[in-house]
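A.B. asks:
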Amino acid sequence: MTLLIAALGVLGVASSGPLIAGTLGATSVTALAIAFWRNAIGAVVMAGPVIIREPKAFGRISRREFGWSALAAVALAFHFACFITALQLTSVAAATALVCLQSGWIAVFQMFRGTRHRCPVLLGLGIAFGGVVAITGFDMGSSPEALLGDLLALAGGALAGLYTLAGGKARQSMGTGTYTTLCYGMCAAIVAVLALSTAQPLSGFDAGGWLGILAITVCAQLVGHTAFNHLLATMSPLLVSMIILLEIPGAAILAAIFLSETLPAGTYAGLALILAGLAVVVGGQRRGRPEADRREAELGTD
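Now the structure itself:
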């Protein structure tokens, strides 16, 4: 059963990029509409059990918890805006790999906060960012549009790292359901404002567009991340983190099968470097750290 749940989790998060790219390419759905609806629906789904079990939970949110949740929501909103837009400009495989540098960005942010990392973490960061150079170098030669998509995905990864760190602060005293409802709800509100200011519609799509939004929400937001949150109760955080890295080759394979996406050989080399580097970073971060800190870079956002 555990292996089945792990497989569902990998398939769920790996399907995010291909599903988003396919929906954007085949329907009139906008990038911000996808970000809005997956968070709005996610907030409603997560709120239900909390209201039933702890109807006064939202009234007990402190100013500190609200502040960290708000910061996480802002970072998440702009993460989605960057990542989903990147999928319109560059390949699914490149965008997914670059945004998955979240774990690497967390390690960098921790260094600025005074954390002294072990040598394996620094080595892993070097390998992973070498993969970034390889991918962006090849895309620079292919088109300025693809390079812009790479840079947006890179920014999306950094924002995902900030989202995870802020969420970790909020989660020190908040339950999962309360935090995710508040964060997803505020994120949806922020995205709605962004959509209004950029004249991107949030409704009025055809049946295919709504089906795509529903598939993205169910597969990536509910099945994928719920599966990994469940595995954290039965597996070590290190093992779960390693399994999540399978999202990178998983997204590349799904994009090749369903979107007929082909990449230059050098881009595949960049993907491999990022995957290897992140594996080293994750392993190095986990050695000798308290259990509470080990969950900091567990889950992605896509």
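Under the UniProt record's numbering, the residue at position 26 of the sequence shown is numbered 26, and the numbers go up by one with no gaps.
The beta-carbon is built from N, C-alpha and C at its ideal position, and this holds for glycine as well.
Leaving out five residues before and five after A31 in sequence, what residues of the same chain have Cβ atoms less than 6 angstroms from its Cβ?
C.D. replies: Once the five neighbours on either side are set aside, the close Cβ partners of A31 are I84, T85.
A.B. asks: When burial is assigned at 16 or more other CB atoms within 10 Å of the CB, is C119 buried or exposed?
C.D. replies: So C119 counts as exposed.
A.B. asks: Indicate the three-state DSSP secondary structure (helix, strand or coil) for R64 in the structure shown.
C.D. replies: Helix.
A.B. asks: Measuring CB atoms only, is the stretch 190-202 touching the stretch 68-82, in the sense that at least three cross pairs come out at less than 8 angstroms?
C.D. replies: Contact holds: three or more Cβ-Cβ distances are below 8 angstroms.
A.B. asks: Taking Cβ positions, are C82 and L152 nearer each other than 7 angstroms?
C.D. replies: Yes, these two residues count as a Cβ contact at 7 angstroms.
A.B. asks: What are the start and end residues of each continuous alpha helix (DSSP H) run of 4 or more residues lying completely inside the UniProt domain "EamA" (148-282), in chain order?
C.D. replies: Segments of the alpha helix (DSSP H) lying fully in the UniProt domain "EamA" (148-282): 176-197, 207-216, 225-231, 237-244, 247-258.
A.B. asks: When the Cα atoms are used, what is the spatial distance from L211 to M242?
C.D. replies: Their Cα atoms are separated by approximately 31 angstroms.
A.B. asks: To the nearest angstrom, how far is the alpha carbon of A166 from that of L271?
C.D. replies: One C-alpha to the other measures close to 28 angstroms.
A.B. asks: Among the candidates G284, G283, V282, G277, whose CA atom is the shortest distance from the CA of G126?
C.D. replies: Cα-wise, what sits closest to G126 is G277.
A.B. asks: Alpha carbons only, please: which of E247, I216, H230, A255 is nearest the one belonging to A33?
C.D. replies: Measuring from the Cα of A33, the nearest candidate turns out to be I216.
A.B. asks: Below 6 angstroms CB to CB, which residues in the same chain sit around A47 once its five sequence neighbours on both sides are set aside?
C.D. replies: Hits under 6 angstroms: T181.
A.B. asks: Let me know the secondary structure DSSP gives E291 once reduced to three states.
C.D. replies: Bear in mind that the predicted position of E291 carries a pLDDT of just 47, short of 50, making it too unreliable to give a figure here.
A.B. asks: Pick helix, strand or coil for E54, following the three-state DSSP scheme.
C.D. replies: Coil at E54, not helix or strand.
A.B. asks: Got a sec, what are the start and stop residues for the alpha helix (DSSP H) G22 sits in?
C.D. replies: G22 -> alpha helix (DSSP H) spans 16-26.
A.B. asks: Could you tell me which of P18, G224, G177, A269 sits nearest to V92, measuring between CA atoms?
C.D. replies: The shortest C-alpha separation from V92 is found at P18.
A.B. asks: For W105, which residues of its own chain have a beta-carbon under 7 angstroms away from its beta-carbon, when the five flanking residues on both sides are left out?
C.D. replies: The answer, listed in chain order, is G157, A158, G161.
A.B. asks: Just to check my reading of the structure: F138 and T262 have Cβ atoms closer than 8 angstroms, yes? What is that Cβ distance to the nearest angstrom?
C.D. replies: Rounded, the Cβ-Cβ distance is 13 angstroms, inconsistent with contact.
A.B. asks: Can you tell me whether E65 is buried or exposed, with buried defined as 16 or more other CB within 10 angstroms of its CB?
C.D. replies: Flag for E65 reads buried.
A.B. asks: Please go through the same chain and pick out, in chain order, the residues whose beta-carbon is closer than 7 angstroms to the beta-carbon of D150, but skip the five residues on each side of it.
C.D. replies: For D150, where only same-chain residues beyond five positions count, the Cβ hits under 7 angstroms are T90, A94, L98, I135, T136, D139.
A.B. asks: Would you say F205 and S28 are within 7 angstroms of each other, going by their C-beta atoms?
C.D. replies: In contact: F205 and S28 (Cβ atoms closer than 7 angstroms).
A.B. asks: Please name the residue in T23, L71, V282, I41 whose C-alpha comes closest to that of L87.
C.D. replies: The candidate whose alpha carbon is nearest that of L87 is T23.
A.B. asks: Work out the CA separation of A73 and F58 for me, nearest whole Å.
C.D. replies: So the two alpha carbons sit approximately 16 angstroms from each other.
A.B. asks: How would you write the range of the alpha helix (DSSP H) that S103 sits in, first residue to last?
C.D. replies: First-last of the alpha helix (DSSP H) with S103: 102-112.
A.B. asks: When DSSP labels each residue in this structure, what does residue 310 get in the three-state scheme?
C.D. replies: This structure cannot speak to residue 310, because the chain is shown only from 1 to 302.
A.B. asks: With a threshold of 16 other CB atoms inside 10 Å of the CB of L214, please say whether the residue is buried or exposed.
C.D. replies: Counting Cβ neighbours within 10 Å, L214 comes out exposed, since fewer than 16 surround it.
A.B. asks: Could you compute how far the alpha carbon of A107 sits from the alpha carbon of F129?
C.D. replies: If I take the Cα positions, the gap works out to 12 angstroms.
A.B. asks: Nearest by alpha-carbon distance to Y163: which of Q200, C183, I274 is it?
C.D. replies: With distances taken between Cα atoms, Y163 lies closest to C183.
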